[in-house]
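If you read the protein sequences in the order shown, they are chains A, B and C. 86 is the number of the first residue of the first sequence in our numbering; add one for each residue after it. 1074 is the number of the first residue of the second sequence in our numbering; add one for each residue after it. 148 is the number of the first residue of the third sequence in our numbering; add one for each residue after it. From the three backbone atoms N, C-alpha and C, an ideal C-beta is built for every residue, glycine too. Computed from a predicted model, the values in this text were never measured in an experiment. Inspection log for the structure reproduced underneath, given as structure tokens.
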Amino acid sequence: MRIWLVIIPILCIAGCGSTWNDPYPASDRGKSILYLAFTERPRHLDPARSYSEDEASINAQIYEPPLQYHYLKRPYTLVPLTAAAAPHPQYYDAQNRLLPHDADAKSIAYSLYEIRLKPGIYYQPHPAFARDENGKPLYQNMTRKELESIGDLADFGKTGTRELVASDYVYEIKRLADPRIQSPIAGLMSEYILGFRAFSQRLQKDPAADLSKCEMSGVEARDRYTYTIKVRGKYPQFAYWLAMSFFAPVPPEVDHFYSQAGLAGKNLVLDWHPVGTGPYMLTENNPNSRMVLMRNPNFHSETYPSSGMPEDGSVLKDAGKTLPFIDEVVFSREKESIPYWNKFLQGYYDVSGITSDNFDQAIMMSVQGEAQVSKDMAKQGIELKTSVAPSIRYMAFNMLDPVVGGYGRRARLLRQAISIALDFEENISIFANGRGIPAQGPLPPGIFGYHWGQEGINPVVYDWADGGAKRKSIVAAKKLLADAGYPDGRDAATGKPLVLYLDSTGRGADDKTRFDWYRKEFARINIQLEVRATDYNRFQEKIRKGSAQIFTWGWNADYPDPENFLFLLYGPQGKVKYGGENSANYDNPEYDRLFEKMKNMENSPERQAIIDRMVAILREDSPWMWGFYPKDYQLNHVWLSNLKPNQMARNNVKYLRIDAKLRDRMRREWNGPVLWPFAFAVLGIGLIVVPALKYYRRREEGRAK
Amino acid sequence: MIAYLIRRLLYAVPILVGVNLLTFALFFVVNTPDDMARIQLGIKRVTPDAIHSWKVAHGYDKPLFYNPRESGAKFFTDTIFFEKSVPMFRFEFGRSDDGRDIAQEIESRAGPSLEIALPVFVIGMMANVSFALMMAFFRATLVDVWGVVLCVAAMSISSLFYIIGGQFLVAKLWHWVPISGFEAGTSSLKFVILPVIIGVASGLGSGARWYRTIFLEEVGRDYVRTAKAKGISEIRVFFHHVLRNGLIPILTGAVVIIPSLFMGSLIMESFFGIPGLGSYTLDAINSQDFAIVRSMVFIGSVLYIIGLMLTDISYTLADPRIRLQ
Amino acid sequence: MVVILWTDGLVFLLLGLILVFAAFASRRPHLSLPWRRVGQSRSGMISAVILICLISVGLLDSFHFRPQIAIDKGKLVYSVEVLSAFDALVKTMRDHTERTYSSPFSAYAFSKETVAGAGGQSRVYPRLRYGGADLVDPDKERIPDILRRSFVAALEGIGAWALLAGILVISLSRGKGFIGTASTVLGGKTEIPWNAMLGTLLAIFLVAFPAFALSSHYHVFGTDKVGQDVFYLALKSIRTGLVIGTLTTLVMLPFAIFLGIMAGYLGGWLDDVIQYLYTMLNSIPAVLLIAASVLMMQVYIDAHPALFETMAERADLRLIFLCMILGMTSWTGLCRLLRGEALKLREMEYILAAQAFGVSRLRIVTRHILPNVMHIVLISVVMEFSSLVLAEAVLSYVGVGVDPSMISFGTMINSARLEMAREPMVWWPLAAAFVFMFAMVLSANLFADAVRDAFDPRTRVASRRILPERDEA
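Okay, here's the thing in structure tokens:
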């Protein structure tokens, strides 16, 4: 008993005041470091190749394309980043004559974008720029032997910098066309940028060509700070591409530096070690466990935006101050959602998305149905930010399928019946825990062409009742099904039950329950659903060959324009025939005609009218069950300020601010080790050892006698 | 002995060739090179051109096992199988399908893997032996009976429960260690300690029970009775004779897995976010990165063969009567 | 319409083989003697009782049929859903699906929902559709109701047990008087520990009867994310576990026995080839081999969707494939053991004598070698069972286990582990999986021990984990 009086206080002293479960080095406490997580290891950090969200959250802090999205303004607005001003296209006809701004789209042969850069922007320090006293590059054209001792970029010793010039941007556009680089947007850009395809073909023939010496006819550096891009026809959405990392600058000497023989074998390649002008630079690159960004000492001056939306009071405190505020960003790899979530609760991540499984803990709905953080979390000071992502999760029918596909009445009614029966409101509440808005059509809110309220409902699936959209009843669905020739879910002609197939990639833990749910929903109108779950490759193949029947799919917009959604159902994008993005293989000539007309238009009432007609056609044909628009719930701790979710811009780290002292205090408060189990463990061991010793002693005595 | 080892090494070559053949056959039945290209190129906006150039760039544009368009030696050499598997015998693994150098990756991941696997092996061995020794010492008493019951119960629990439960209690409720993560150097201790404890605990049941039977067999031998009859204390008999003689079959039996410790533990590593070879393999399976999978299979096979050789050697060391021929 | 799935057929084949062997062995003392020793083991027989209960659930779950849904123009129309006799037996449990989570024995949903009421919308815990649905005021009535129902069911359980015990005593008494026999049996003075077995059975009945009785009014183990009864899921998992544990060994036995004895007895180049084969298979890390094979067969299944009329058939084929693949990776151990044993037997005098007399090789193998290695085969079969059940869970975690639509311990654990992060925690699916899996594996382990002790206590067939320990842990 007396022993405990000694041990417990000792353990307390050891335990109190320090935390045992801090996953970061003690020396980092109190520093202005932002802690984030990534789930998938980044595959590419080359701006010409990277296309995923996780990669963008790193790359967007490093690379600076000419334009960016305004951090606070909604709807999303483009503002200059390295450009002096947002470019306005000038239209030319086939004879190179300048056309007025309101010229007919048909007469426009190409649009000229002239981008002027701000002078005085410098790259991050990097050995590729290092020069000796005579101005000769130090680390270019090194021999294999000289490079032998190099294991890391730091081994080069010296670094240098250089001013950002227009030809760096031109060089990157050439890289997009380079078949060796395999940029995901090369195919798309060859449709739009003049000379892109020819350039690409030329490189195909001559793979050893030096990019900076070959010319692309549509892209030109006019002077040190100005470059121009000629875009085929009229393509107003092109400006959005200029805000993506694909159009960030890459200095030729950096590319040259990394292509030195022997560096690739050490994983020293541009694809892994980005070099940019942005607020941060990548200093530790270990995609298996952590990626660290440090403040770029050469970052040009940029200030916090001074205007936003009316509700932005608290995030405008720092208006006009010089960016960035945070010195270092640590991205840790977190493959499993449970550790990710728990570490966020313990204060070791500053921001967290919420997976549906820990939603109950995080969120309460207020009486008005608005999401709030739960009491426990509010006590911790956790704040919730919601936003609707410009994306859609839908279920598609394969229009080539003999049963659910086709444009006849029978198949259409069947699709409509299923669309009614599949209760996405319940799906959202079970699997996304309410984090979504049931979709009324292909366009999510916030995108031009979306209608709120009664005007926007899908009359095929919903009725307007009591001031809200109300899903039609199962009875209505059953009636449609009977009209389609499947009374009670059985084919009226053959009497056989109607069996439909859901194709899915199902390997995760949550998938089984999801499949069960789908089956349950289809059973409500007596349709038997069979789930054909398979691995990702096989699934893709089925979609490609058009052998899938019903499948779930999603789309995250590249840019906030209706064209980027409506093209998903455009005939010539058909997956099976053309290998495009229209995986439902929907093909309606009237729709296609309207799409071609709509895509190049500026936002106007006229465009709205066309979009409305297109959406009406889609709703009637129901090639998709429209599913839902996911809502993004983001939680952040109280010590992180200036956070406003921006679904388009990933370069938001520079705006954030951290109160590291507060964070340290709260982490200590939350993570005191619990010590009573130690006492139990000691007691348990005692319970084993003492009788054993006693027994042993008795036996020895017995032997001695 | 040396002649024996050389012979074993030569014997390893056909085994490794067979392993490679099997891996390639299995993998390519599942995946066409087109699939592999698609997985690497992502979902959005993938064109047939991009797929073709990916295949050319990664050397998957050739036939798998034989090339009907070539004759002579090239019939077999100008194929994916030949070009991808021969370098492995020189331990050149090339680049993974997503473009990173595999050898370097393995080098940087072997450390974290070993930091878990080695302590689990060593501490686990010691824990198993001491537990087994205790049960053997108190044989046919309540300690022994309950020990065996506990062992059987412990080995009837799926290792997933040990991990889920351990992580939940120790890391989430009690805040003793970080929930997941890893850091090289001395501070790795706080990340490694929980996985090691769980690893040891989940192996304790079957291990201790198995070793107990070995010790009991040893206890039943004549020399133990003789020693006791001579009045040597039981503790002394146990530690001097039973332990020493019992350890020989235990150690020679365990030698075979020592080299394979390098491969890490698949599930433990992915639960605890340890960037080792186990989670590397699991990631590769999930992303179907063939370059990594075949390299890991190859290395695994090599390590297993080394393990077999070490076992043979350890037999000769333990018992000089055995000669390797 | 009766449906015989592949696994069903094999399970019944196995059962038939066991029964034939039992009939065969009961008349031959040298074969039945070791089994009588198993019968004397107390722990062995207790676990046998538990195993038999589990196996009966599994067997019931192996009679599959497709329910008739309508008669159309004189033709019977069958549903494409494949049910089992067990599903029909516990129909209420199967049909009572709630919307989403509810805790064990609860009458309310686990999380709040927005309900439109008289005074506008409010957030409440809604009542469940089935769990405690017939109660007016669950707060007051629920516990008495549960106690009452379990008490009645427990009495029924005791009645059923008494009936069984009575039948047993009568069949044992052989005219010696009921009371006298009963006291010998209960006093434990019989050769086979009937009293322990009856005790176990009583305990099982006392738990099982109330559980089943309550299952039609409550969710004994709660419900999962889509509202399915967890108790039902756990019971369905039993069959999957049993199939994997038994059929895998059934699949691998021919390989292991044939190749092992051939290699050991015939030797020569055959021995080299067989050794080469198993060294090669052994040297490939097991998980990788299994993953590759499972993916490969998935490709086959996907490429031939027309072969399978129902999802159950597809999932079943994947299960049988999984058994084969596990068999492929696990036959090597037994093969090596048998090879060693055959090598030893080959030099035995009686075999040499038989050879000298010109007895054919085939005859020597079947009459002399095979019977003498059967105990090793048997021991490793029972030892392997539990490790296979455990391996399934791990493989499902890696994503190469049973079909995701198939209910198994692995898929249960896999989805349950995500639920641990919820707060308040959803612990019951994991707990249910733990309890049932633990009961199954533990009794299998104990039974295996009894078998090993009875047949050959000195055999060094360690209970091996199919995936090497480092992989599983």
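If you draw a 10 Å sphere on the C-beta of residue 1296 (chain B), you find fewer than 16 other C-beta atoms in it, and that means exposed. The straight-line gap separating the alpha-carbon atoms of residue 243 (chain C) and residue 165 (chain C) is approximately 37 Å. In this structure the segment 1370-1380 of chain B touches the segment 1326-1334 of chain B; the number of beta carbon pairs closer than 8 Å is three or more.
According to the DSSP secondary-structure assignment, residue 175 (chain A) is paired through a beta bridge with A:197.
At a cut-off of 8 Å, the C-beta of residue 1208 (chain B) has no neighbouring C-beta in chain C. The alpha helix (DSSP H) runs of length 4 or more contained entirely in the segment 1125-1200 of chain B are, from start to end of the chain, 1147-1150, 1153-1162. Contact annotation: residue 333 (chain A) and residue 150 (chain A) have beta-carbon atoms nearer than 8 Å.
Among the residues facing chain B, residue 538 (chain A) is not included, as its CB has no counterpart in that chain under 8 Å away. Contact note: residue 438 (chain A) does not reach chain C at a C-beta cutoff of 9 Å; the least C-beta distance is about 13 Å. If you draw a straight line from the Cα of residue 734 (chain A) to the Cα of residue 741 (chain A), it is about 13 Å long. With fewer than three CB-CB distances shorter than 8 Å, the segment 503-518 of chain C does not count as touching the segment 189-209 of chain C.
Residue environment analysis places residue 1293 (chain B) among the exposed positions, since fewer than 16 neighbouring C-beta atoms fall within 10 angstroms of its C-beta.
If you check each beta-carbon in the segment 454-479 of chain C against every beta-carbon of chain B, none falls closer than 8 Å.
Under the DSSP definition of a beta bridge, residue 121 (chain A) partners with A:416.
The DSSP-derived three-state label of residue 315 (chain A) is strand. Contact between residue 477 (chain A) and residue 647 (chain A) fails: their C-beta atoms lie close to 12 Å from each other, not under 8 Å.
Interface annotation, residue 618 (chain A): in contact with chain C, CB-CB separation under 8 Å. For residue 476 (chain A), the three-state secondary structure derived from DSSP is strand.
Just so you know, the alpha carbons of residue 1356 (chain B) and residue 472 (chain C) end up roughly 22 Å apart.
Under the DSSP definition of a beta bridge, residue 554 (chain A) partners with A:549. According to DSSP, residue 320 (chain A) shares a beta bridge with no other residue. With respect to chain B, the C-beta atom of residue 417 (chain A) has a partner C-beta closer than 8 Å. Here the alpha carbons of residue 1340 (chain B) and residue 1349 (chain B) stand approximately 11 Å from one another. The beta carbon of residue 154 (chain A) sits closer than 8 Å to those of 161, 162, 163, 164, 328, 731, 733, 734, all from its chain and outside the five residues before and after it, given in chain order. Secondary structure within the segment 354-405 of chain A: the beta strand (DSSP E) runs of 3 or more consecutive residues, fully enclosed, are 365-371, 375-380 (chain order).
The segment 397-406 of chain A and the segment 419-428 of chain A do not touch, with fewer than three beta-carbon pairs separated by less than 8 Å. Per DSSP, the continuous alpha helix (DSSP H) segment holding residue 627 (chain A) begins and ends at 621-630. Using a 10 angstroms sphere on the CB of residue 173 (chain A), the tally of other CB atoms stays under 16, which defines it as exposed. Among the residues facing chain B, residue 425 (chain C) is not included, as its CB has no counterpart in that chain under 8 Å away.
Residue environment for residue 649 (chain A): buried (at least 16 other C-beta atoms within 10 angstroms of its C-beta). The closest CA to that of residue 213 (chain C), considering only C:225, C:477, C:392, is found on C:225. In this structure, the CA atom of residue 235 (chain A) is about 21 Å from the CA atom of residue 1184 (chain B). Taking one beta carbon from each stretch, the segment 305-314 of chain A and the segment 244-263 of chain A have 3 or more pairs nearer than 8 Å; the two touch.
For the segment 1209-1235 of chain B, the residues whose beta carbon sits under 8 Å from a beta carbon of chain C are, in order, 1225, 1226, 1228, 1229, 1230, 1231, 1232, 1233, 1234, 1235. Taking the Cα of residue 776 (chain A) as reference, the smallest distance to any Cα among B:1234, B:1121, B:1219, B:1387 is reached at B:1219. With respect to the C-alpha of residue 739 (chain A), the residue from A:424, A:637, A:378 having the closest C-alpha is A:378.
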